[in-house]
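According to the working numbering, the stretch in the sequence shown is residues 21 to 255, in order. Even glycine gets a Cβ: it sits at the ideal position worked out from N, Cα and C. Right, one structure below, let's go through it.
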Amino acid sequence: MALLFEIPVPSVAIKNRSERFPVSRIYCVGRNYAAHAREMGSNPERESPFFFSKPANAVAENGIVMPYPSRTSDLHHEVELVVALAGPALANKGENLSLAEAQAAVFGYAVGIDFTRRDLQAEAKDKARPWDTAKGFDNSAPMSALTPVAEAGDIGSAEITLKVNGVQCQHGAISDLIWSIPELVAELSTFYRLQPGDLIFTGTPAGVAAVVAGDTLVGEIDNLETLSISIGARS
Ligand code: MN
Numbered sequence: 021m022a023l024l025f026e027i028p029v030p031s032v033a034i035k036n037r038s039e040r041f042p043v044s045r046i047y048c049v050g051r052n053y054a055a056h057a058r059e060m061g062s063n064p065e066r067e068s069p070f071f072f073s074k075p076a077n078a079v080a081e082n083g084i085v086m087p088y089p090s091r092t093s094d095l096h097h098e099v100e101l102v103v104a105l106a107g108p109a110l111a112n113k114g115e116n117l118s119l120a121e122a123q124a125a126v127f128g129y130a131v132g133i134d135f136t137r138r139d140l141q142a143e144a145k146d147k148a149r150p151w152d153t154a155k156g157f158d159n160s161a162p163m164s165a166l167t168p169v170a171e172a173g174d175i176g177s178a179e180i181t182l183k184v185n186g187v188q189c190q191h192g193a194i195s196d197l198i199w200s201i202p203e204l205v206a207e208l209s210t211f212y213r214l215q216p217g218d219l220i221f222t223g224t225p226a227g228v229a230a231v232v233a234g235d236t237l238v239g240e241i242d243n244l245e246t247l248s249i250s251i252g253a254r255s
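See below:
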């Protein structure tokens, strides 16, 4: 079958491999750390985490100088553990996964930032509109190279931090996730037939804040490749 024209397949690097991981879809989890839910004005005891998504071509490479995006003056960082799905566990079934099947579907992990136009998100919340323009813009999902599960150590006991210009802004523990990794993969598989190439941004710990042109951001999770990016001038 011939295509009228070719478009690039979005992809992310894999640590110590020449092949890249093709990206199919990017799902994100909202309010998956209680302290962040509270800082955003909600009660984690009463409201469960939830999903939203970004287009696959929102991924951006480690080391990028990210142009400050259009139509916002309140660009926020949200450092997150990214889970990449692939492998035989998804070959025949991507729906209604058990917790064991969900864990087996995880290819690897990375450090990502779920960039957010917080002013547009606040307006969308206020008017009960979708979040797409607040969340799904170009370069809104930079991430480090994927580390395969076998090389990632015990991710459940890892800590996650974000430093802006050398100052720690966000800190949390993966063990603080309200929905654990297998729980959120299993839950997501009740909405969608998950497929190899899907990514999940698993939610951010407390400490989200605005960035400006010239800022340098360094995101770290134990045993994973560090993410280092900077914010450039408005595009
Ligand atoms: Mn987020």
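With 16 as the cutoff for other CB atoms within 10 Å, does residue i come out buried or exposed?
i    : result
N21  : A small fix is needed here, since residue 21 is Met in this sequence, not Asn. By the neighbour-count rule (16 or more Cβ atoms within 10 Å), M21 is not buried but exposed.
P42  : exposed
A120 : exposed
E240 : buried
I133 : buried
Shorter than 8 Å, the distance from the beta carbon of residue i to the closest heavy atom of the ligand MN, or not?
i    : result
V102 : no
F211 : no
V49  : yes
E59  : no
G227 : no
G234 : no
E98  : yes
F41  : no
G252 : no
G223 : yes
T136 : yes
Grab me the residues of residue i's own chain with a C-beta within less than 7 Å of its C-beta, minus the 5 sequence neighbours each way, in chain order.
i    : result
A76  : P30, V43, S44, R45, I46
D235 : V184, N185, S250, I251
Roughly how many whole angstroms lie between the Cα atoms of residue i and residue j?
i    : j    : result
F72  : L24  : 31 Å
A206 : L117 : 5 Å
N36  : S160 : 25 Å
L237 : S209 : 32 Å
F211 : L204 : 11 Å
P150 : A144 : 6 Å
E59  : G227 : 8 Å
M163 : K147 : 31 Å
T224 : E98  : 5 Å
L214 : V102 : 15 Å
I220 : A55  : 20 Å
G192 : E65  : 18 Å
By Cβ distance, which residues of its chain are closer than 8 Å to residue i, with the 5 residues on each side in sequence left out?
i    : result
G176 : I194, S195, S200, I201
R91  : R137, L140, T153
F70  : V49, G50, R51
Apart from the five residues just before and just after residue i, which ones in its own chain have a Cβ nearer than 6 Å to its Cβ?
i   : result
D94 : R138, D139, A230
Q: Can you check the segment 27-103 for any alpha helix (DSSP H) of at least 4 residues that lies completely inside it and give the ranges in chain order?
A: 54-59
**Q.** Whole beta strand (DSSP E) elements within the segment 136-216, 3-residue minimum
**A.** Runs found: 179-184, 187-193.
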